[in-house]
Ligand code: SF4
Ligand code: SF4
């Protein structure tokens, strides 16, 4: 974070004030890159959101509801967080509106901004606010056995309440027609994977519709954070999705550090980058191995899994945890690297890289491997954009979305995250390359291969130029005042993970809203399988590499 | 030193041979502790058996710092002590930070147990982990391993709400380093083919019914292993509106494997403990014969 004036904020402030001044109660800047637009009336939110979405080409990054009935002014508060993705504007616009508790509903924006669909259903389940105009009012997080009228994220709901089941049926979308039949799959699957239900409608072998039914692993993460101390919630952040522990804990710590208005020592920021990239590498290796398994090429997957295991062992040797649990702390990191460790990391990563390139070169010569990926599980770019897809899934479809350069955090502002972003000319070239990407499983394979190499080069670069100094700082406790809030974000190996944190009394948390990349990306799988046949599904699913736990919370 | 640890168990590393058929498997998976780095947080133990050492201040600081409430104040015969419930411990290491002379974090994983009660360690009873017990565990497991080779074990994994950390480690069991199939243990696609259910996660409410059904679909004799702090006790996710507070609240559990997540070696040792519970092949064959 630099101390410079954020030009983007100035620009957006004047446009919004000019256009909607009469509807806006206040417009203010916070945490360097957040522009908060508070509306006088809830009813105007669709108009303003739609304007920001279409005029500024913004992406709905998350939608946060919080129960602020006890805070002065009362009521529930809705915050629509938009991300401005263009290269020179590191800005989030947060449109804020209050919902009167006597009339617990709000106007839906889902028909204009499809990415809002699931957020609105989530808010309906968890807070009991009805999204007027959202065509899909079925339960989402709390399954059909949950009784009506009980809303876990309301402040007056006690987390330990045991709710008796009621008997209700979930209505899947019915596809009818001659020869169409349904295949239910899950929640318990054949492999070692997380639970979720898939309802296929098929004609012959062709998938004509897929409906995903998730949230089987919902374990109340956001509710658990309520009234907990900052330190305790850090442990929870790591376990939102075990394989994304660094990304989620980085995002969380960042939110706390922003609220405290504390900046980190250089070395801490650099080490966060190192650990984040180590996480990306082992996970991408695992996904590539999984793709190889699902293609039916066991040799490739065995070799790639060897490399994944080597990286996990490296994780452990450096940090004491194979999954990098416990590396982040509020104010920095817990694990330093000595010169010796640093050299070992560089050498190990180099060795892995050589082996990796050998394996990939081999895979590329196997036409049976490549042909199986080509044109399988195609993500249409338009749908990806509308649904607000992030991460590899977006990049494989030609959308240049990456928090590491859109909204640089930790030490990313000084580090090129890839070879393509070092000069205006290369950026243009990269954009043209992007346009050629078609969103199939092969693109995802290639994007991951590139990212592994980029991550490896980042690790080398950062470790060779590590600043001297502390690895953490004590944050400014006096700034941890009630009802301050901030966004924290990071690019996990799945894409943007977006956290929003609000403090309460006694430095405890009142609201922690998490939206991982998986929540944004799950809907696209329903589109991606449409031209495929049933046996392609595992491959499409694996190539997207979505977390169930990160989605279900 | 870190280099040596990384080299251990990996065939003499030369980047040219990744595509060759060199064996990468760790031979002595359970006996060889040198593959585990010293900074690995495997288990928590008390360094002192003396309850008087614990002042009220330290006791309350410890119970406060422990997010999963694995540490609690235990009063036995008027002496205040501290109890550790390993089934809840997520090995965050924070207790050691505040009481380094009272608590040690060892790099050897805590043993799997058959009764959850066995995971509760009180400072007055002493549950110290010594070098020796590490060795012994290794040897004991090696013997059992040999016995195990006599039969194969079909395992069905069920995620009942885990964070997926445990899945990462279970998946690792199949990679060429651990290569669990060499012991006759293989993962099957349906509970109907399984001897053992490997269950992770705090048993979320939304998975409760699916877990019960999976259990019912598994043929007798069946064994359920709870994997990780979540499955053993609810772990960090506890017992809430969204979770049941542990797999044993939903189905009977035969073996508990602590850890967050348990490393592949710990998973294997849990599986081996489970094997003890199954009637051996010869026994079941005899009983079959007798029925005829
Ligand atoms: S290491 Fe275990 S006992 Fe110690 S504080 Fe963490 S969870 Fe509690
Ligand atoms: S025990 Fe730990 S790693 Fe395993 S599912 Fe629970 S939180 Fe995740």
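Residue numbers (this note's numbering), protein chains in the order written: chain A, 1 to 553; chain B, 1001 to 1292.
Beta carbons are placed, not taken as given, at the ideal position from N, Cα and C, and that holds for glycine.
Whole-angstrom Cβ separation of residue 526 of chain A and residue 35 of chain A, contact assumed at under 8 Å?
With 8 Å as the limit, residue 526 of chain A and residue 35 of chain A do not qualify as a contact, their Cβ atoms being about 33 Å apart.
With 8 Å as the threshold, decide whether the Cβ of residue 534 of chain A is near any Cβ in chain B.
no
For ligand 1, which residues count as neighbours when the test is a C-beta closer than 6 Å to any heavy atom?
B:1044, B:1065, B:1066, B:1068, B:1070, B:1071, B:1084, B:1089, B:1090, B:1091, B:1092, B:1093, B:1094 and B:1095
Hey, which unbroken runs of the beta strand (DSSP E) at 3 residues or more fall wholly within the segment 1218-1252 of chain B?
Counting only runs of 3 or more, we get 1223-1227.
Would you check whether ligand 2 has a heavy atom nearer than 7 Å to the C-beta of residue 1261 of chain B?
yes
Closer than 8 Å, Cβ to Cβ, to anything on chain B: give me those residues from the segment 241-255 of chain A, in chain order.
241, 242, 243 and 245
Residue 1198 of chain B and residue 1215 of chain B - do their beta-carbons sit closer together than 8 Å?
no
What residue from A:359, A:530, A:501 and A:520 has the CA that sits closest to residue 554 of chain A's CA?
Lying before the first or after the last residue shown, residue 554 of chain A is absent from chain A, which here runs from 1 to 553.
Of the residues A:412, A:374, A:405 and A:498, the one placed nearest residue 531 of chain A, counting alpha carbons only:
That would be A:374, whose Cα lies nearest to the Cα of residue 531 of chain A.
Comparing the C-beta of residue 215 of chain A with each C-beta of chain B, is any distance below 8 Å?
yes
So, for residue 220 of chain A: in the same chain, excluding its five sequence neighbours on each side, which residues have a beta-carbon less than 8 Å away from its beta-carbon?
152, 159 and 553
If the cut is a Cβ gap below 8 Å, which residues of chain A does residue 1207 of chain B touch?
187, 195, 216 and 217
So is residue 315 of chain A in contact with chain B if we call contact Cβ pairs under 8 Å?
no
For residue 376 of chain A, I'd like the list of residues in its chain whose CB is within less than 7 Å of its CB, leaving aside the five on either flank, ordered along the chain.
440, 441, 532, 536, 539 and 540
Per-residue DSSP class, three states only, for residue 537 of chain A:
helix
Distance cutoff 8 Å, beta carbons only. Does residue 435 of chain A sit that close to anything in chain B?
no
Taking only heavy atoms of ligand 2 into account, decide whether any of them is closer than 7 Å to the Cβ of residue 1229 of chain B.
Yes, since a heavy atom of ligand 2 falls inside the 7 Å radius drawn around the Cβ of residue 1229 of chain B.
Give a single yes or no on whether residue 1235 of chain B has its beta carbon closer than 7 Å to a heavy atom of ligand 2.
yes
How would you call residue 1001 of chain B, buried or exposed, if buried means at least 16 neighbouring beta carbons within 10 angstroms?
Residue 1001 of chain B should be labelled exposed.
Since residue 36 of chain A is in the beta strand (DSSP E), which residue starts that stretch and which ends it?
34-39
Strictly below 7 Å CB to CB, what residues from chain A border residue 1262 of chain B?
Here the premise fails: no neighbours, minimum Cβ distance about 11 Å.
Anything in the segment 127-153 of chain A with a Cβ closer than 7 Å to a Cβ of chain B? List those residues in chain order, please.
143 and 152
Got a sec: does ligand 2 put a non-hydrogen atom nearer than 7 Å to the Cβ of residue 518 of chain A?
No, ligand 2 has no heavy atom inside 7 Å of this Cβ.
Taking 8 Å as the threshold (beta carbon to beta carbon), is residue 1 of chain A in contact with chain B?
Summary for residue 1 of chain A: the model assigns pLDDT 40, below 50, so the residue's position carries little reliability; its value from the coordinates is reported in the next sentence. Cβ-Cβ to chain B under 8 Å: no for residue 1 of chain A.
Does the CB of residue 507 of chain A have a neighbour CB from chain B at under 8 Å?
no
Three-state secondary structure (DSSP) of residue 126 of chain A
helix
Under 7 Å from any heavy atom of ligand 2, does the C-beta of residue 313 of chain A make it?
Residue 313 of chain A: no, Cβ never under 7 Å from ligand 2.
Is the distance from the Cβ of residue 1264 of chain B to the Cβ of residue 1181 of chain B below 8 Å?
no
Closer than 8 Å at the beta carbon, the chain A residues around residue 1243 of chain B:
In chain order: 219 and 220.
Would you kindly check if the distance between the Cβ of residue 473 of chain A and the Cβ of residue 332 of chain A is under 8 Å?
yes
Let me know the secondary structure DSSP gives residue 1072 of chain B once reduced to three states.
strand
Cβ-heavy atom distance between residue 1162 of chain B and ligand 2 below 7 Å?
The answer is yes for residue 1162 of chain B.
On a CA-only basis, which of A:360, A:488 and A:329 is nearest residue 404 of chain A? Give me that one, please.
A:488
Quick one: is residue 254 of chain A buried, meaning 16 or more other Cβ sit within 10 Å of its Cβ, or exposed?
buried
Curious, which full-length alpha helix (DSSP H) runs of at least 4 residues does the segment 33-107 of chain A contain?
45-55
Is it right to say residue 1100 of chain B is buried, meaning 16 or more other beta carbons lie within 10 angstroms of its own, or is it exposed?
exposed
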